[in-house]
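*Asks:*
Residue numbers (our numbering), protein chains in the order written: chain C, 1 to 167; chain G, 1001 to 1288.
1. Going by alpha carbons, who is nearest to residue 1084 of chain G out of G:1230, G:1256, G:1186?
2. Considering only their Cβ atoms, is the gap separating residue 1265 of chain G from residue 1121 of chain G smaller than 9 Å?
3. Which chain G residues sit within Cβ distance under 8 Å of residue 108 of chain C?
4. What residue from C:53, C:10, C:6, C:27 has the CA that sits closest to residue 113 of chain C's CA?
5. Is it true that the CB of residue 1018 of chain G sits closer than 9 Å to the CB of residue 67 of chain C?
6. Considering only C-alpha positions, which residue in the set G:1232, G:1281, G:1252 is nearest to residue 1091 of chain G?
7. Is any beta-carbon of chain C found at less than 9 Å from that of residue 1146 of chain G?
8. Are residue 1101 of chain G and residue 1213 of chain G closer than 9 Å when you measure CB to CB?
9. Closest to residue 161 of chain C by CA distance: which of C:109, C:133, C:143 is it?
10. Taking DSSP as the reference, what is the three-state secondary structure of residue 142 of chain C?
11. Could you check the C-alpha separation between residue 1047 of chain G and residue 150 of chain C for me, to the nearest Å?
12. For residue 1190 of chain G, does the three-state DSSP call read helix, strand or coil?
13. From the DSSP output, in three-state form, read off residue 1275 of chain G for me.
14. Roughly how many angstroms lie between the CA atoms of residue 1146 of chain G and residue 1221 of chain G, to the nearest whole one?
15. For the pair the segment 37–53 of chain C and the segment 7–21 of chain C, tell me if three or more CB-CB distances fall below 8 Å.
16. Indicate the three-state DSSP secondary structure (helix, strand or coil) for residue 1261 of chain G in the structure shown.
17. Does any CB atom of chain C fall closer than 9 Å to the CB of residue 1007 of chain G?
18. Counting only beta-carbon separations shorter than 9 Å, does residue 162 of chain C have a partner in chain G?
19. If we cut at 9 Å on Cβ distances, does residue 1122 of chain G have a partner in chain C?
20. Decide if the segment 1123–1132 of chain G is in contact with the segment 1246–1261 of chain G; the criterion is three or more beta carbon pairs, one per stretch, under 8 Å apart.
21. In angstroms with no decimal places, state the Cα-to-Cα distance between residue 1270 of chain G and residue 1185 of chain G.
22. List, in order along the chain, the chain C residues whose C-beta lies closer than 7 Å to that of residue 1021 of chain G?
23. Just the C-alpha distance for residue 1172 of chain G and residue 1277 of chain G, rounded to the nearest angstrom, thanks.
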């Protein structure tokens, strides 16, 4: 392994679980999250901008988010045609899939993908990855107060997107 | 299709998504695949072409679940003496797909209690059966509201909302979609910590714990008691008392709860049933 591959393997060891969880939360599919984690690292292995990135961890997580939201965009957004659970051979059925309406989660995640990158990142970091406002602020180079404001605006925007998508 | 109507609902749903955890085996498999792909610099076949491995993994998982099932009574916080948190009850309620309950309302006007059977699906469709021949169906998202007289076969579509003001004036607007139906809206608006925890008691064959909330609104007092089954973390009885500033009282009791059992979405259709005479109606309300 060259040094670049070693760096990626090290990132995979330290953040693979969190990345996989993030991918599953955005796709709501265990099998897709598995595929995307592999795709992510293959892309990173070939990526020149990753090699030159200052904060490789932030870069990896942002790439994972982009990959997962790209996957969502490629899907038919009609929840009626989306599978309600994971592939039959995959045992990792979402624990709450049978409890919370899947379509509702799909709608909100699709709407999340329509937010501006900064709004989407803040919401994903705070809610899906459960980081505090202070942590996110540090990561984004903003104050916690600004991050809280961004998050609040993002929720309002999400509501507006969901309302405009109403039949 | 259900859609969140408020920032709070959206926040709740996002938090629910954030609570999703992949199975440990799934993560391990995903990381191994990614590592192999990195090392070999070529994609590793997907899990679909590795069914024998998956079957073995599922077998191991099932065995693990059996072991976990045996261990849970020894590990669960309930048995470790940790009291049930109302925040967990809220979370569990919001995860339900449907709920049915009997609503009994008693006012101090001497008319005696009025009983309805309420069914809610997807947190925005509500069907209320009053007596044997009167049904109301409400779609809180679209604002569609119909009232059915099943005996006379009359469907009244309620499209206008009339608000009467103390000065005698009135406004008339299209029925606006409500944020959420009451059962869910009430619990969302309650704080995570009750004013009082009530001692255990028996309701039917269940031992329940109580959470008591009291709130003053415009001089009126609202008292809410949620009796919750600690095993399911879901309410089995809810008592709401209203004490008006003028001394009037009303009491609502929700009981006989059934969760996640509604299968037939057609019960919530706001389209007039075949053979029914259709009329237009209005909802009247009085402004405070």
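No residue lacks a Cβ here, since even glycine has one placed at the ideal position from N, Cα and C.
This one's a predicted model, so the numbers in the text were calculated from it and none came from an experiment.
*Replies:* Concretely, from the data shown:
1. The residue labelled residue 1084 of chain G in the question sits at position 84 within the second chain. The option with the nearest alpha carbon to residue 1084 of chain G is G:1230.
2. Within the second chain, numbered from 1, the residue matching residue 1121 of chain G stands at position 121. Within the second chain, numbered from 1, the residue matching residue 1265 of chain G stands at position 265. Closer than 9 Å, so yes.
3. Stepping through the first chain from its first residue, residue 108 of chain C is reached at position 108. Here the neighbours are 1004, 1010, 1013, 1014, 1017.
4. Along the first chain, one-based indexing puts residue 113 of chain C at 113. Checking every option, the nearest Cα to that of residue 113 of chain C belongs to C:27.
5. Here the question's residue 67 of chain C lines up with position 67 in the first chain. Here the question's residue 1018 of chain G lines up with position 18 in the second chain. No, they are not a contact pair.
6. Locating residue 1091 of chain G in the second chain gives position 91, where the first residue counts as 1. Checked all of G:1232, G:1281, G:1252; the closest Cα to residue 1091 of chain G is G:1232.
7. Locating residue 1146 of chain G in the second chain gives position 146, where the first residue counts as 1. Answer no: the Cβ-Cβ gap between residue 1146 of chain G and chain C never drops below 9 Å.
8. If you number the second chain from 1, residue 1101 of chain G lands on position 101. If you number the second chain from 1, residue 1213 of chain G lands on position 213. For residue 1101 of chain G and residue 1213 of chain G, no; Cβs fall outside 9 Å.
9. Along the first chain, one-based indexing puts residue 161 of chain C at 161. Per the C-alpha coordinates, the member of C:109, C:133, C:143 positioned closest to residue 161 of chain C is C:109.
10. If you number the first chain from 1, residue 142 of chain C lands on position 142. Three-state result, residue 142 of chain C: coil.
11. Your numbering for residue 1047 of chain G matches position 47 in the second chain. Your numbering for residue 150 of chain C matches position 150 in the first chain. Because the pLDDT of residue 1047 of chain G is 45, which lies under 50, any placement of that residue in the model is unreliable, and the number read from its coordinates should be weighed accordingly. C-alpha separation (whole angstroms): 39 Å.
12. As a working mapping, residue 1190 of chain G is identified with position 190 in the second chain. Residue 1190 of chain G: coil per DSSP, three-state reduction.
13. Position 275 of the second chain holds residue 1275 of chain G. Coil at residue 1275 of chain G, not helix or strand.
14. Counted from its first residue, the second chain places residue 1146 of chain G at position 146. Counted from its first residue, the second chain places residue 1221 of chain G at position 221. Approximately 31 Å, taken between the alpha carbons.
15. yes
16. On the second chain, position 261 is the one that residue 1261 of chain G refers to. Residue state, collapsed to three classes: coil.
17. As a position in the second chain, residue 1007 of chain G is number 7, starting the count at 1. Interface residue, yes.
18. The sequence position of residue 162 of chain C within the first chain is 162, counting from 1. Yes, its Cβ sits closer than 9 Å to a Cβ of chain G.
19. If you number the second chain from 1, residue 1122 of chain G lands on position 122. Yes, residue 1122 of chain G counts as interfacial toward chain C.
20. With a cut-off of 8 Å on Cβ pairs, the segment 1123–1132 of chain G is not in contact with the segment 1246–1261 of chain G, counting fewer than three such pairs.
21. Translated into positions along the second chain, residue 1270 of chain G becomes position 270. Translated into positions along the second chain, residue 1185 of chain G becomes position 185. Residue 1270 of chain G and residue 1185 of chain G: Cα-Cα distance of roughly 21 Å.
22. Within the second chain, residue 1021 of chain G is the residue found at index 21, counting from 1. Simply 21.
23. The sequence position of residue 1172 of chain G within the second chain is 172, counting from 1. The sequence position of residue 1277 of chain G within the second chain is 277, counting from 1. For residue 1172 of chain G and residue 1277 of chain G, the gap between their C-alpha atoms comes out near 24 Å.
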